[in-house]
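Residue numbers (the numbering used here): 568 to 787. C-beta atoms are modelled at their ideal positions from N, C-alpha and C, and glycine is treated no differently. Only a predicted model underlies this, so the values are computations on that prediction, with no experimental measurement involved. One structure is given below, encoded as C-alpha cells.
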Amino acid sequence: MHYSTYPYAVFLAFILVFTGLKPVSAQDNWSLSVNKEGIQVYTRPIENSKIKAIKVVSNMPATSSQLLAAILDVKTCNEWVYHSVENVMIKQTSPLDLIYYSRVDVPWPVEDRDYVVHIEVEQHPQTKVITVNSPCIPGYMAEKKNVVRISHTVGKWTITPIGKNQVRAEYVLEVDPMGSIPAWLTNLFATKGPLETFRNLKVHVQKEVYKNAHFKLIND
568 MHYSTYPYAV
578 FLAFILVFTG
588 LKPVSAQDNW
598 SLSVNKEGIQ
608 VYTRPIENSK
618 IKAIKVVSNM
628 PATSSQLLAA
638 ILDVKTCNEW
648 VYHSVENVMI
658 KQTSPLDLIY
668 YSRVDVPWPV
678 EDRDYVVHIE
688 VEQHPQTKVI
698 TVNSPCIPGY
708 MAEKKNVVRI
718 SHTVGKWTIT
728 PIGKNQVRAE
738 YVLEVDPMGS
748 IPAWLTNLFA
758 TKGPLETFRN
768 LKVHVQKEVY
778 KNAHFKLIND
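In C-alpha cells:
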C-alpha cells in the first residue's frame, strides 16, 4: 500500500462512509455533517443498508466546461482526490463518454479498493445544468491480488451555473465498500476525505489547461 498525504478515484474518495443507523425511506433526508471553507458535506442513511450516502456541495470560480474538464481529466485525478493512487483510461467513446479504472489507497490493515467506472455526461438544454453519472461496471480489468473490487456504486456530479464564471458543484455517492471497515477508518474518510477532495479540486480547476476548455455538446 501507499501512504502519500494526498493519495482519483473521485468515486471512491468517500467509500468508507458507513454507519449502523437504521435505514430510512426519505430520499432527501440529508444531515449536514461538515460546513467549512465554503464546503458542505451531508450524509443520510440508505434504505436496507448500513452504508450512508454522502453529498458534497461547494461554489467554485469556474465555468461549467472548466470544472467538467478537470473532473474528466482521469490522468490527474490523484492530484486532488483523497487517497487516489492509480487511474487508467480504458476506453473513451467520446469526450463525454468514457470508462476508466481506479484504485484507492486504504491504510493498513485494510486492503486497497478498486473499481471500473463508466462516465456519461449530459446537459439540460434550458437550465444548462450538467450531470455526470458514474456507476461502477463489471469487467474490463482483471481483479488484483490483495485489492478488493468494488462492484456497486451510484455516483453523480451536478454542475449548476450560478453566475459569470461561477458554478455550484455537487457530488452524491452511494457505495458498498465491500467487507469489514474499522470505525476509526470510517471516521477518517467520512470527515477528512470529502473536505480535502473539494479543497484540492478548487485549486486544481484553476490550472491554465482547464480555463479555456470547450466541449462541442456543452453550452456555457
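Within the region 665-695, the complete beta strand (DSSP E) segments at least 3 residues long are 679-690, listed from N- to C-terminus. When DSSP reads this structure, residue 603 sits in a beta bridge with 606.
For residue 632 against residue 695, the beta-carbon gap comes to about 11 Å, at or over 8 Å, which does not count as contact. Nearest to residue 711 by alpha-carbon distance, out of 664, 775, 669 and 762, is 669. Note on geometry: alpha-carbon atoms of residue 609 and residue 707 lie some 32 Å from one another.
Taking a C-beta distance under 8 Å as the contact criterion, residue 741 and residue 657 do not qualify as a contact pair. For the options 726, 600 and 703, the alpha carbon positioned closest to that of residue 759 is the one of 600. In terms of Cβ geometry, residue 646 and residue 771 form a close pair [threshold 8 Å]. According to the DSSP assignment, residue 699 belongs to the beta strand (DSSP E) that extends over 697-700.
By the neighbour-count criterion, in which a residue is buried when 16 or more other Cβ atoms sit within 10 angstroms of its Cβ, residue 690 is buried. Pairing residue 713 with residue 704, the inter-Cα distance amounts to about 20 Å. Between residue 678 and residue 655, the beta carbon gap of about 19 Å keeps them out of contact (Cβ cut-off 8 Å). Shown here, residue 769 sits in a helix according to DSSP, grouped into three states. For the set 769, 621 and 783, the Cα lying nearest the Cα of residue 596 is the one of 621. For residue 638, the number of other beta carbons within 10 angstroms of its own is at least 16, and it is reported as buried. In summary, residue 776 is exposed, with fewer than 16 beta-carbon neighbours lying within 10 Å of its beta-carbon over all protein chains present. DSSP places residue 637 in the uninterrupted alpha helix (DSSP H) bounded by 631-639.
Around the beta-carbon of residue 665, 16 or more other beta-carbon atoms lie within 10 Å, marking it buried. Contact annotation, residue 766 with residue 604: C-beta distance approximately 6 Å; criterion of less than 8 Å satisfied. Assignment of beta-bridge partners to residue 596 by DSSP yields no partner. In this structure, the alpha-carbon of residue 644 lies about 10 Å from that of residue 764.
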